[in-house]
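Chains U and F supply the protein sequences, listed in that same order. Just add 3 to wherever you are in the first sequence, counting from 1, and you've got the working numbering. Just add 3 to wherever you are in the second sequence, counting from 1, and you've got the working numbering. To keep things clear, I will list the structure first and then write my remarks on it.
There are 2 protein chains.
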Amino acid sequence: MRLKPIGIIHSPFQHATGTPIQPRAAGGAEGAVQVFDEFVAGLKDLRGFGRIWLIYWFDRAIHRKCNLVVKPYLDDRPRGVFATRAPARPNPIGLSSVRLLEVRGNTLRVRDLDVLDGTPLLDIKPYFPQFDSFRNVKSGWLRGSTLRGANADDRFEKRKVKARRATIATRPSASGRLASRRRPGSKA
Amino acid sequence: MRLKPIGIIHSPFQHATGTPIQPRAAGGAEGAVQVFDEFVAGLKDLRGFGRIWLIYWFDRAIHRKCNLVVKPYLDDRPRGVFATRAPARPNPIGLSSVRLLEVRGNTLRVRDLDVLDGTPLLDIKPYFPQFDSFRNVKSGWLRGSTLRGANADDRFEKRKVKARRATIATRPSASGRLASRRRPGSKA
Numbered sequence: 004m005r006l007k008p009i010g011i012i013h014s015p016f017q018h019a020t021g022t023p024i025q026p027r028a029a030g031g032a033e034g035a036v037q038v039f040d041e042f043v044a045g046l047k048d049l050r051g052f053g054r055i056w057l058i059y060w061f062d063r064a065i066h067r068k069c070n071l072v073v074k075p076y077l078d079d080r081p082r083g084v085f086a087t088r089a090p091a092r093p094n095p096i097g098l099s100s101v102r103l104l105e106v107r108g109n110t111l112r113v114r115d116l117d118v119l120d121g122t123p124l125l126d127i128k129p130y131f132p133q134f135d136s137f138r139n140v141k142s143g144w145l146r147g148s149t150l151r152g153a154n155a156d157d158r159f160e161k162r163k164v165k166a167r168r169a170t171i172a173t174r175p176s177a178s179g180r181l182a183s184r185r186r187p188g189s190k191a
Numbered sequence: 004m005r006l007k008p009i010g011i012i013h014s015p016f017q018h019a020t021g022t023p024i025q026p027r028a029a030g031g032a033e034g035a036v037q038v039f040d041e042f043v044a045g046l047k048d049l050r051g052f053g054r055i056w057l058i059y060w061f062d063r064a065i066h067r068k069c070n071l072v073v074k075p076y077l078d079d080r081p082r083g084v085f086a087t088r089a090p091a092r093p094n095p096i097g098l099s100s101v102r103l104l105e106v107r108g109n110t111l112r113v114r115d116l117d118v119l120d121g122t123p124l125l126d127i128k129p130y131f132p133q134f135d136s137f138r139n140v141k142s143g144w145l146r147g148s149t150l151r152g153a154n155a156d157d158r159f160e161k162r163k164v165k166a167r168r169a170t171i172a173t174r175p176s177a178s179g180r181l182a183s184r185r186r187p188g189s190k191a
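This is the structure in structure tokens:
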């Protein structure tokens, strides 16, 4: 089961630390989803949807040897990873519902973005309130938790040690190298 | 970007034809999500959530050479694939919100299942109404469409021709062969 990126997500967030943990906590952060030219035909009719699902690859999160029990951002106690939305998971697939502001050519302007800049995009699906919206649903441990902070830190990042070493050695910064590798189709 | 199955979804639906197209249309169909033993620790704390997201691999849908413009089940007109939930997409990742009835050992009993039997499971995430539920959202072409049917047909399936040939040649049926290849950890 192999995936290929269909585009790149551009956001104001360069590092996990400080990035909003969920779209609703993103305080309206705007960004751009750039779809590679070969997939642009698939964007037809997306205009007219108020929200879309972005499915993406947590490219900077630990996954090969990730823990199955983690301490999520919104709680003090360790929880099973499948009962959290933590990015460090066996298949590092991310899921965010964002507001769709504009479709222009190969670029979608979106709001409520909680994703790191340069994240590889895997899929876009329309948000159907008829199928996706459920109000009175029990939300397990989250209900008892007080939302202590709406921003992430680096607990699930895999490159933090390497990034520090690279800075010390005065080589091109690790984040710079990663960025160029991560964004084959980016204008940046 | 490589994925590994973390489990298998068991449902009453053997073929695309007749399978509900979305969980809300599934009429309460029940099934079981079987998580492979090595990932069971990650299920801790899932009990207590009313709904969960299943993220899975559309293993029987066309994807390598899928069309970017498709006629979805719920409309007469061709639409960009990213404006639909059609299974035949560049990265064949499926997303369904199902009701969680019970967690027992490595098995989750779920309701509102719209997934083919034997589908490889990639991820489970808790449904957080705070982050996932949006009511008054424009739903593009779907708004103008009349929900003509709640069940799928075989338009996105890749094996339909082979299955017919195999039957004619009186070899083991293609669906049987697929099933055994698809379910390495299945009890079935």
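Yeah, the Cβ is synthetic: ideal placement off N, Cα and C, and Gly gets one too.
Exposed unless 16 or more other CB atoms sit within 10 angstroms - verdict on residue i
i, result
"D40 of chain F", "exposed"
"S104 of chain F", "Reading off the sequence, residue 104 of chain F comes out as Leu, not Ser. That one is exposed."
"N139 of chain U", "exposed"
"G10 of chain F", "buried"
"T20 of chain U", "exposed"
"G121 of chain U", "buried"
"P8 of chain U", "buried"
"G97 of chain F", "buried"
"K161 of chain U", "buried"
"G34 of chain U", "buried"
"T170 of chain U", "Any answer about T170 of chain U is weak, because its pLDDT of 42 lies below 50 and its placement is not dependable; what the coordinates show is given next. With fewer than 16 Cβ atoms within 10 Å of its Cβ, T170 of chain U is classed as exposed."
Nearest-angstrom Cβ-Cβ length linking residue i and residue j, presumed shorter than 8 angstroms
i, j, result
"A86 of chain U", "W144 of chain U", "7 angstroms"
"I12 of chain U", "V38 of chain U", "Wrong, their Cβ atoms sit about 10 angstroms apart, outside the cutoff."
"D115 of chain F", "V101 of chain F", "5 angstroms"
Contacts around residue i, its chain only, beta-carbon distance under 8 angstroms, and the 5 residues preceding and following it disregarded
i, result
"G108 of chain F", "V43"
"G31 of chain U", "R114, D115"
"L6 of chain U", "W60, L125"
"F137 of chain U", "none"
"K68 of chain F", "none"
When the options are compared against residue i, the one with the closest alpha-carbon
i, options, result
"Y76 of chain U", "U:R63, U:N154, U:K161", "U:N154"
"I24 of chain F", "F:I55, F:L119, F:C69, F:G45", "F:L119"
"R92 of chain U", "F:D135, F:I58, F:K68", "F:I58"
"F61 of chain F", "F:V73, F:S14, F:V72, F:L124", "F:L124"
"D135 of chain U", "F:H66, F:L6, F:I55, F:K161", "F:I55"
"R112 of chain U", "U:I96, U:F52, U:F159", "U:F52"
"F131 of chain U", "F:P129, F:K141, F:I127", "F:K141"
"R63 of chain U", "U:H18, U:D126, U:N70", "U:H18"
"K128 of chain F", "U:R158, U:R67, U:L71", "U:L71"
"D156 of chain F", "F:L6, F:M4, F:R5, F:F16", "F:F16"
"S14 of chain U", "U:R146, U:F137, U:T110", "U:T110"
"R1 of chain F", "U:Q133, U:R146, U:F137, U:G147", "Past the edges of chain F, shown from 4 to 191, lies residue 1 of chain F, and the structure says nothing about it."
Other residues of its chain near residue i: CB distance less than 7 angstroms, five sequence neighbours each side excluded
i, result
"V106 of chain F", "L46, L49, R50"
"V73 of chain F", "P81, R82, V84, T87, A89, A91"
"I65 of chain F", "A91, F159, K161"
"P95 of chain F", "W60, F61, A64, H66"
"R148 of chain U", "One point to set straight first is that residue 148 of chain U is Ser, not Arg, in the sequence displayed. Here the set comprises L77, D78."
Contacts around residue i, its chain only, beta-carbon distance under 6 angstroms, and the 5 residues preceding and following it disregarded
i, result
"D126 of chain F", "I58"
"M4 of chain F", "none"
Whole alpha helix (DSSP H) elements within the segment 126 to 159 of chain U, 4-residue minimum:
132 to 135, 143 to 147
Would you mind listing the beta strand (DSSP E) stretches within the segment 14 to 67 of chain U that are 3+ residues and don't spill past its ends, in chain order?
33 to 38, 54 to 60
Which runs of the beta strand (DSSP E) spanning at least 3 residues fall entirely within the segment 91 to 126 of chain U, listed in chain order?
96 to 107, 110 to 114
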